[in-house]
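A quick write-up on the structure given underneath.
If you want it as structure tokens, here you go:
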């Protein structure tokens, strides 16, 4: 049970058994599962593919190899670590997916440079938050509940500079944490 999907599957099975045991018609459960699948099938497919890619990326050694390569940027790596998280969330729309894809890479690079792996892993997640505001997936979801449907490009164009500005500020903060106030980083 190393995967959250297994826990969710077991929860569905156990909950279904409890409901059937208390007299609920199994057809109700089957219909609920079918409705859920219809509503979420594309989101489920996206998550499965990204997590699958992350497993491939990590278990094939690609994350380790790229972590070694990216560590060549040297002492300025903490600044650029923010942008790895930013790119991951911009592309996938999910901080969790970005962490699954780039978390090990960040840790490998940090260890190569004798930096804090905890800070670099946290930086990946924090950088992802800066990228989330311009992620096409998130912008589309946000405007779908407003009168701005069809204006996603305009919205991204207006907030893109804010996203980059905040990522740069975060990069400077991470540099300060790593080099000026390292005692603040948990071990």
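Residue numbers (the working numbering): -4 to 182. Note that CB positions come from ideal geometry on N, CA and C, so glycine has one too. Computed from a predicted model, the values in this text were never measured in an experiment.
### Alpha-carbon spacing of residue 129 relative to residue 150, whole angstroms
8 Å
#### Entry: Reduced DSSP category for residue 48 - H, G, I as helix; E, B as strand; rest coil
helix
### Task
Within its chain, find whatever has a CB closer than 7 Å to the CB of residue 120; leave out the 5 residues flanking it on each side and keep chain order.
80, 90, 94
### Message
Under 8 Å, with one C-beta from each stretch per pair, do the segment 98 to 118 and the segment 137 to 150 reach the 3-pair mark?
### Response
no
### Message
Within a Cβ cutoff of 7 Å, which residues of the same chain sit near residue 135, ignoring the five residues on either side of it in sequence?
### Response
147
### Task
Could you have a look at residue 143 and say whether DSSP puts it in helix, strand or coil?
coil
### residue 104 versus 83, 85, 72, 77, residue with shortest Cα-Cα distance
72
### Query
Hey, quick one: how far does the alpha helix (DSSP H) through residue 9 stretch, first residue to last?
-1 to 16
### Query
Which stretch, first to last residue, makes up the alpha helix (DSSP H) that contains residue 61?
57 to 65
### Message
Within the continuous alpha helix (DSSP H) that includes residue 125, where are the two ends?
### Response
112 to 127
### Query
To the nearest whole angstrom, what separates the beta carbons of residue 158 and residue 125, a pair I think is in contact under 8 Å?
6 Å
### Task
Tell me whether residue 99 is buried or exposed, calling it buried when 16 or more other Cβ atoms sit within 10 Å of its Cβ.
buried
### Message
Looking at the secondary structure, which residues open and close the alpha helix (DSSP H) in which residue 135 lies?
### Response
131 to 138
### Query
Should residue 84 and residue 123 be called a contact, given that it needs their Cβ atoms to be closer than 8 Å?
yes
### Query
What does a CB cutoff of less than 8 Å around residue 69 pick up in its chain, not counting 5 residues either side in sequence?
108
### Query
Taking just the CA atoms, how far does residue 42 sit from residue 88?
10 Å
### Message
Taking the alpha-carbon of residue 82 as reference, which of 29, 162, 66 has the nearest alpha-carbon?
### Response
162
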